[in-house]
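>
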Amino acid sequence: MVDLPVRSVFAVGAALMGLGALYFAVRGLDAEGPRSRGLHVVTALVPTIAFGSYLAMALGVGVAEVPVRGGTLEVHWARYADWLFTTPLLLIALGLLVGADTETVFGAVAADAFMIVTGIAATLSGVRLYRYAWWGVSTVAFLLVLYYVFVALGRRARELGEATRETYGVLRGLVGVTWAGYPVWWLVGTAGVGLVPPPMEVLGFTFLDLVAKVGFGTVLLRSRAVADATDASGSDPSSGVSVD
Ligand code: RET
């Protein structure tokens with residue numbers, strides 16, 4: 348049974364994600380051009396999914412007790428369902444921003460899905476040693492995701508106009524810092540060594556989720572790069588439409 352402070356954090360998380368989704372959706376109403384519209388849709392979809400996940404956890408349905416050797420563990424599985432969809436969407440947003448080719452975006456999404464699925468295996472394993480082994484596998488996939496964000500997509504961003512380059516630089520930094528917080532928080536939290544107590548753990552993940560989703564969307568949609576993306580003439584590479 349999820350206790351009240353934890354439920355309250357989930358409820359606040361749901362409210363903030365809902366507001367974020369609404370804000371991005373309204374902003375997207377007058378978006379023009381396929382790439383800009385795509386970016387607005389993806390940016391609004393991410394906190395919408397998170398709203399569902401947080402609401403489920405606040406109502407106690409996104410939570411399960413998992414048997415581990417020596418006791419049980421409360422697993423917030425709705426988080427993983429959220430991440431399985433929102434992390435690929437965030438990578439697709441980065442791909443859309445820089446006009447990446449489909450193969451590169453697909454590679455990033457595949458590595459990312461593998462990271463989340465093996466992260467689920469880490470969380471559900473009943474044997475401590477296996478949990479850390481799966482965490483290690485998931486972290487290797489995470490490093491691959493970072494390769495795509497920093498190297499493959501970053502290379503493409505460098506070829507583009509100043510506005511896109513700058514926005515990509517900020518988003519890359521934001522992804523690098525916030526995403527790296529997840530495996531670390533998992534490790535120090537209840538799923539790992541248990542240094543951080545449950546309410547604190549939930550607070551930390553909620554903070555990371557808000558920055559990685561709503562913070563990300565705010566930076567992205569505020570930028571001139573997205574406004575430039577409304578011009579789909581394709582003469583300037585920063586306004587090309589390579590991924591639709
Ligand atoms: C887990 C545990 C196993 C090791 C690793 C993890 C990474 C999770 C990440 C999640 C990112 C979530 C985001 C959500 C917001 O939209 C599964 C915690 C590497 C990187 C960005």
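Each residue of the sequence shown is one higher than the one before, counting from 348 in our numbering. Cβ coordinates follow ideal geometry from the N, Cα and C atoms, glycine included. Here the structure is a predicted model, which is why all the values come from computation and not from measurement.
Please report the straight-line C-alpha distance between Pro-546 and Leu-441, rounded to a whole angstrom.
Using only the alpha carbons, I get a separation of about 32 Å.
> Counting only C-beta atoms, is Ala-425 closer than 8 Å to chain C at any point?
Here there is only one protein chain, and chain C is not present.
> Considering only residues of the region 411-472, which uninterrupted alpha helix (DSSP H) runs meet the minimum length of 4 residues and lie entirely inside it, listed in chain order?
424-445, 449-471
> Counting pairs of beta carbons, one from the region 441-451 and one from the region 400-418, are three or more of them closer than 8 Å?
no
> Quick check: does the Cβ of Met-462 come within less than 7 Å of any heavy atom belonging to the ligand RET?
yes
> Cα separation between Phe-563 and Ala-468?
If you take the alpha carbons of Phe-563 and Ala-468, they lie about 27 Å apart.
> Take Leu-444 as the anchor and find which of Arg-519, Asp-350, Leu-471 has the nearest alpha-carbon.
Arg-519
> Taking only heavy atoms of the ligand RET into account, decide whether any of them is closer than 7 Å to the Cβ of Phe-489.
yes
> Is it buried or exposed, Pro-639, if we count other Cβ atoms within 10 angstroms and call 16 or more buried?
No information on residue 639 is available, as it lies outside the stretch 348 to 591 that the chain covers here.
> Is the beta carbon of Gly-466 within less than 7 Å of some heavy atom of the ligand RET?
yes
> Cα separation between Ala-527 and Ala-361?
Linking Ala-527 to Ala-361 through their CA atoms gives a straight-line distance of about 23 Å.
> Candidates Ala-460, Ala-372, Glu-509, Met-462: which alpha carbon is nearest Ser-570's?
Glu-509
> Since Asp-377 is in the alpha helix (DSSP H), which residue starts that stretch and which ends it?
Where Asp-377 is concerned, there is no enclosing alpha helix (DSSP H), given that its DSSP letter is neither H nor E.
> Give me the residue from Ala-499, Gly-473, Arg-426 with the minimum Cα distance to Val-456.
Ala-499
> Can you give me the C-alpha to C-alpha distance between Val-561 and Ala-391, rounded to a whole angstrom?
About 9 Å.
> Looking at C-alpha atoms only, which residue of Leu-550, Thr-434, Met-404, Leu-437 is the closest neighbour of Trp-424?
Met-404
> Mind the definition here: the region 526-540 touches the region 460-478 only if three or more C-beta pairs lie below 8 Å; say whether that holds.
yes
> Consult DSSP for Ala-361 and reduce its assignment to one of helix, strand or coil.
helix
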